[in-house]
Structure formats: structure tokens, C-alpha cells
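In the working numbering, the protein residues as written are 12 to 745. Report on the following structure.
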């Protein structure tokens, strides 16, 4: 027994992928896409904002593009069935090895690194795409929430169950310790568990606490797919036992558009606030990465896309929050444990039923215990979530829940925000959460050197001023060109539902602003690959007016790059130009290199530059497509540019205005100090305004005072005066 570290009853741990009895049949409508839900949680708003530095400067990348916050630099652990890291969206293979999945391993008594750690389920691959997939198999269209972040994939289960959860959390703990965190792991996403009540002595609960309190890791758990109505309490709880751990962030599943709770999402017990979800995210019909040759993949082949699939569950909602956690902590690395206890244990009193109605009462010291504190990320997500209009808003299909029992004024948690047993604090808002978290980071690290100099600031302090960061500005630039770039993987293989050749959908869109008279496109593809003896020939297709025509012409090829130079007509302004990739390829030795995935695969990059005729001021402002995300960035001026065009190209963009926030930061306790130091402050102001007069006035006051003090001292202690004078003389002589 002395060797036992943790002890918990053995139980089956399930994934929260929606079973068929809850409407989990395969989705056959490909119009419901992943990028729609990144719009819903406002991740695309975050990607699109221009960043204003604390000093007031626009932040640019080395290629003059606006910098963006997308999670790059922070790793998120996908603790699940593993991932098919050979999927184009995970950048585990050449030429972008290590840019996305930096470690993929399967548990079989020991951790073994492998390219495909998701060999039987497909659940973990789908979850991983929502967390941080880059969308390469769709030309960037189906990117995950933290599209720039890195990911660690741990295969801890097969089929429909988890069998190595403890080992996965232990690996995460040992590799996220501040002194041993080579991957910069700050988040672990868990779309698995089992229904039941929180036990602070359980293995998973203790590991969750250790990750949170020791390493500052945000631990995300799915709330479960058991539905209910909020009346299931003693012995019949519907929520995930591990999501009920106070230090974990529990995620409810909302509809695809984020406006209602799904029929299957587990309700907490209405008289036990600690069982309520913390926040919600879309969990219905979520398109994300699909592995090949797994159980879930086999059930979704009729969806028409062999690299993506649409499924539902709190398993699909949770990675939305896992991705936003990585994105947020990347720009606010000081986030740790809040000086705030989860307000969902009520000593016999319930928010719903009132005094004496809580069905939970064994922790009378709840507000003093360490294990009831939450991660600052949870508090930030709760404060910035959108609850308005969602009370009693339920998807059809749950006959147990009448969904009519939340009062108009809602139930207010200790955050001051609405909170209920269906959706927690509501739909997560990445954009607002990023602004709040970054504000707190600026308060703690005021010189920007990455060291926390002022840990005394809390989420509540940042909450008072963070809205100043969410701003809109018109940015004047000295250039006549803008650009947009993306990368992807063109693939084809004989694995379709009809046995015919399957090709990836590489369509992409670029906005054509008013005044554009020229479009240049550079398309670079790696068509030949020696290891597999792959040969291919692919080209870029361009439709300027989005009218179905091929406008690219012949193009010119130099080495691996095709160059296209097109005139743009006024009739094509204010529209989306569409791009696609087509061609053929053959792989002779692919099956020798990899017997599982031997399709032809051609990585490519596309760079588009638009030149504008600047006869007057042109504002680059446009609304995003609902089915896509695309931006435009400034580029170096053309050869025809001259100084008369300075400032005529402008961008009206939403910004993260860090300078505005910095101006509002005040020292902690400055209000109290000002009352005691008011006299000295006023005196300083008088010296500043009337320097010479104040010096003369000071001499007039001080010289008589010194003389009077000297006379009194001499009269009281004449011997001391002699001694003092003698000592002074001796010192002078030395």
C-alpha cells in the first residue's frame, strides 16, 4: 500500500460522441461546416483584429502583414484516442513537420510515438481538428479555434472507451511542470468521462487539481451527453463526474449556431451548483478532421468529404473551449489559479430553491478549501460569455426537459453573471475573453519583458478596464498593394464511397476591393517526391468574378512556382474571387512507405497580391463570408507608387488597443495613498509651477526654524554641543 499514489474504483470511461438514439446519425449536409462555429464563438474576430502595441504602434510580422493572435507558441494536449497525425491539417509530415502536432503517442504499457495514434475510433482526430487543426486539406477553410497553436496527441483509448486516462494526465503533468515544459503545454482537453458526483479523493480529480494548482494548466472536460431536466440529483446525476471537479472547466453542448442548449447536453442538478456546466460551445453537427479506416470514419463516408466529418456531442463542444484556452493563455501566460472559489457549493442553500434546499452538504468549509479554487481562465470565460436570450432556449428532442423554469432575471453567480444548470454562463466569446486576459497580462507585466512584476492584479481588476482594448481604428498606410496568403495539401486517392478517385476540395476566396486593377498570384507546389516516387502536375484555378469562369490563363512557370498576372475590371470589385487547385498525381511506392495512407499528396502555397489605383482614398473594409475566413494585409508598394499616394490606402479594422488599456492601469491601492499624500502632491505641483518663488519661500521658513532648533539644543545640552563640534573637527582633519 505504501506504493499506492491514487486509488479509484474501476469504471468504464466513455467518449461523448453522440449515439444514434440522441440523433447522432451521420450528417449528410456538407453545408454545415467547421468554420461556421469558429465564427459563432468569435475566434475569427480575434484572428482578424489588428494589434496595437502598448506604445501605440501597429504590430506587423516580418512580411509587413498585420500580426495576429492565433495561439502559435502554446501547446494543447488532446487526451483522447490519439490522432491521425498524417492528416494534412496536423503538419506532422514534411515539409511542415513540427508546426502543428509536435508529439503523437499511444499508450500500450509505455508511451510509443507514432504517426497515427488513432487507429480504431477516430474520435480523437475529430476533437484535435476543432482544437487547433490548420485546415490544410480544405485550403484553410476548416481550421480549428486555435489555428496557429501546437498540439500533443495522446492515444489513451480505442473503440468507444478510454483505458489510460490516469497515464495520460500523469504524462501531461510531468511534461507541463514549469522546469520541464519543453512543449509549452498549458491546456489539456478531455472529451470523455462518466456520469456521477465529484469526489475530491478520486484519481482524476486529484490529477486535475495538481495540473491546475501546480502547473497552471487549464483542464477542460465535457459535461456529458445524458440530457436530463435538472431534477436528477441524489444518485442520478447526469453530468460528468470529472467535469464536476471545481478546478476543471465543464463544457455544455449548444446548437450549431450557439443559440440554445442541445437536447443531449447533460443538465446539472438544479439544487447543486457544483454540477452545473461552467460555459457552453457549439456541439451539434461539428465538421472537423476525419481519420481514415476507423469506426467513426466508416459511418460518415456518405458525407462526401474523406478528410472531414460532421458529428455531434459535448465531445465536440469541449475542444472549442480547449482551443480558445490555448489561444488565450498564449497571450496571457501569467494566468494561473484565481483567488476565487467556485461558487457552486451552498451549505444547504440553493440559488434555485432557496435556504435549506441544497442537496449537497458534506463540505462545510468549501470556501476555505484549496480544491475549490478555479483557474483564472475559467473565471475569464464565465465573465465574458454570452447568456442573453438563451435562458429556457432548448433544442427539440428532450421530452424530459420542459425548458421553462429559468426566471426572467436568471440566477446570478458570484461572478455577477447569469448561470444555470443547462448552459452554465452561456456561449463562450473568444474575442472578449482574449481582451480581458490580455488586459490582466499587461497589468502584471508592465515593462513587457515576460516577467510578472505585479502579481497583485486579479481578473477583477482587469474586468474594470478591459473593454477599452476592444476598439476600431482607421489605419492609414503608405502603399498601393495588399496581399493574402495560404497553404494547403492537394490529395487524391481511390478510397471514395463509390470506389472512384477522390480529390480534396481546395477552394479558397479572396476579397477584391474597389480600385483594384491588377492581381498577381504565385503558386508553389512540391509535385515530385523521391521517397514514394510521386509525380504529379497541379495548377491554380482563378475565377475573378466568382461566375464560374477560368481567368488564370496559361501562367508562367519558373522551377516549382507558377506566376499569374491578371487585369481586374471594375465589374469585379466588391466581390470574392475564388481559387481552386486541380491536376493529377501518381505515387509508385507509397504503399511501401505507409501501408495505411498511401495517397498522392502535394503540399502547396499561394500568395496573392492586389495592386490598387489610388486616385482617391480607398478603405479596405469588408464583411467575412459566413462559410469562410479570409483577410487582407498590407504589402510593399508597387514600382508605380509615389509620395502623392501616401495615406490614401486605409484599413478600417477592429483592433486590440493595448495602449488604451495601459493608460488606464493604476497602482493597486492608489486611491488610499492619494488621501494621505495629498499635501505633498500639492506642494510638488506648486514647486513645478512657481519654482523660484517657492525656493525663496522655503528659505524664509526653514532658516529661522533651523536657527531656533540650534538655540534650543544648545541651551539644553551645552556639553553635547562642544562634543559635537570637536567630533566634527576631528573628522574634517582626517
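Every residue gets a Cβ at the ideal spot worked out from N, C-alpha and C, and that includes glycine.
If you draw a straight line from the alpha carbon of residue i to that of residue j, how long is it in whole angstroms?
i: residue 597; j: residue 539; result: 10 Å
i: residue 394; j: residue 51; result: 17 Å
i: residue 165; j: residue 187; result: 14 Å
i: residue 421; j: residue 648; result: 55 Å
i: residue 245; j: residue 237; result: 15 Å
i: residue 643; j: residue 321; result: 29 Å
i: residue 345; j: residue 230; result: 16 Å
i: residue 8; j: residue 488; result: The structure shown has nothing for residue 8, since the chain only spans 12 to 745.
i: residue 639; j: residue 471; result: 35 Å
i: residue 222; j: residue 574; result: 51 Å
i: residue 115; j: residue 169; result: 15 Å
i: residue 109; j: residue 99; result: 12 Å
i: residue 65; j: residue 490; result: 25 Å
i: residue 70; j: residue 343; result: 17 Å
i: residue 121; j: residue 129; result: 16 Å
i: residue 626; j: residue 73; result: 29 Å
i: residue 337; j: residue 160; result: 7 Å
i: residue 217; j: residue 257; result: 11 Å
i: residue 680; j: residue 467; result: 10 Å
Here's the rule: buried if 16 or more other CB atoms are within 10 angstroms of the residue's CB, otherwise exposed. What is residue i?
i: residue 541; result: exposed
i: residue 193; result: exposed
i: residue 10; result: With the chain covering only 12 through 745, there is no way to say anything about residue 10.
i: residue 515; result: buried
i: residue 212; result: exposed
i: residue 241; result: buried
i: residue 455; result: buried
i: residue 721; result: Note that residue 721 has pLDDT 46, beneath the 50 cutoff, so the model's placement of it is unreliable and the number below is only indicative. It counts as exposed.
i: residue 387; result: buried
i: residue 460; result: exposed
i: residue 699; result: Because the pLDDT of residue 699 is 47, which lies under 50, any placement of that residue in the model is unreliable, and the number read from its coordinates should be weighed accordingly. Classification for residue 699: exposed.
i: residue 323; result: buried
i: residue 669; result: buried
Since residue i is in the beta strand (DSSP E), which residue starts that stretch and which ends it?
i: residue 595; result: 586–598
i: residue 162; result: 161–166
i: residue 531; result: 527–536
i: residue 677; result: Careful: residue 677 lies outside any beta strand (DSSP E) and carries neither H nor E.
i: residue 320; result: 319–322
i: residue 611; result: 611–623
i: residue 391; result: No beta strand (DSSP E) holds residue 391; the alpha helix (DSSP H) holding it covers 387–395.
i: residue 581; result: Run containing residue 581: none; DSSP gives neither H nor E here.
i: residue 91; result: 86–91
i: residue 548; result: 545–554
Among residues of its own chain, excluding the 5 on either side of residue i, which ones have a beta-carbon nearer than 8 Å to its beta-carbon?
i: residue 162; result: 86, 87, 88, 89, 94, 101, 111, 112, 113, 139, 142, 143
i: residue 350; result: 384, 469
i: residue 243; result: 249, 278, 280
i: residue 635; result: 50, 55, 59, 641
i: residue 561; result: 552, 553, 554
i: residue 493; result: 524, 620, 621, 623, 631, 643, 644, 645, 646, 660
i: residue 81; result: 57, 58, 157, 158, 159, 160, 338
i: residue 667; result: 60, 61, 62, 63, 80, 445, 446, 449, 480, 481, 482
Whose C-beta lies closer than 6 Å to the C-beta of residue i among residues of the same chain, with five residues either side of it excluded?
i: residue 530; result: 577, 579, 621
i: residue 118; result: 167, 175, 178
i: residue 651; result: none
i: residue 526; result: 623, 624, 629
i: residue 665; result: 60, 483
Could you spell out where the alpha helix (DSSP H) holding residue i opens and where it closes?
i: residue 205; result: Careful: residue 205 lies outside any alpha helix (DSSP H) and carries neither H nor E.
i: residue 442; result: 441–455
i: residue 567; result: Careful: residue 567 lies outside any alpha helix (DSSP H), inside the beta strand (DSSP E) at 567–569.
i: residue 9; result: Outside the modelled stretch of the chain, which goes from 12 to 745, sits residue 9, for which no answer is possible.
Quick test of your reading: residue i and residue j, contact by CB under 8 Å. State the CB separation rounded to the nearest angstrom.
i: residue 536; j: residue 571; result: 6 Å
i: residue 288; j: residue 294; result: Wrong, their Cβ atoms sit about 11 Å apart, outside the cutoff.
i: residue 269; j: residue 233; result: Not a contact, Cβ separation roughly 17 Å.
i: residue 473; j: residue 437; result: That pair is no contact at about 20 Å.
i: residue 149; j: residue 330; result: Between residue 330 and residue 149 the Cβ distance is about 17 Å, and since that is not below 8 Å, they are no contact.
i: residue 274; j: residue 403; result: About 14 Å separates the two Cβ atoms, so there is no contact after all.
i: residue 433; j: residue 298; result: 24 Å between Cβ atoms; not a contact.
i: residue 614; j: residue 106; result: 6 Å
i: residue 520; j: residue 415; result: 43 Å between Cβ atoms; not a contact.
i: residue 290; j: residue 332; result: 7 Å
Leaving out the 5 sequence neighbours to the left and right, which residues in its chain are closer than 7 Å to residue i when beta-carbon positions are compared?
i: residue 476; result: 450, 672, 675
i: residue 565; result: none
i: residue 363; result: 281, 282, 422
Given the structure, does residue i come close to the ligand NAD, in the sense that its CB is under 8 Å from one of the ligand's heavy atoms?
i: residue 461; result: The ligand NAD is absent from the structure shown, which contains no ligand whatsoever.
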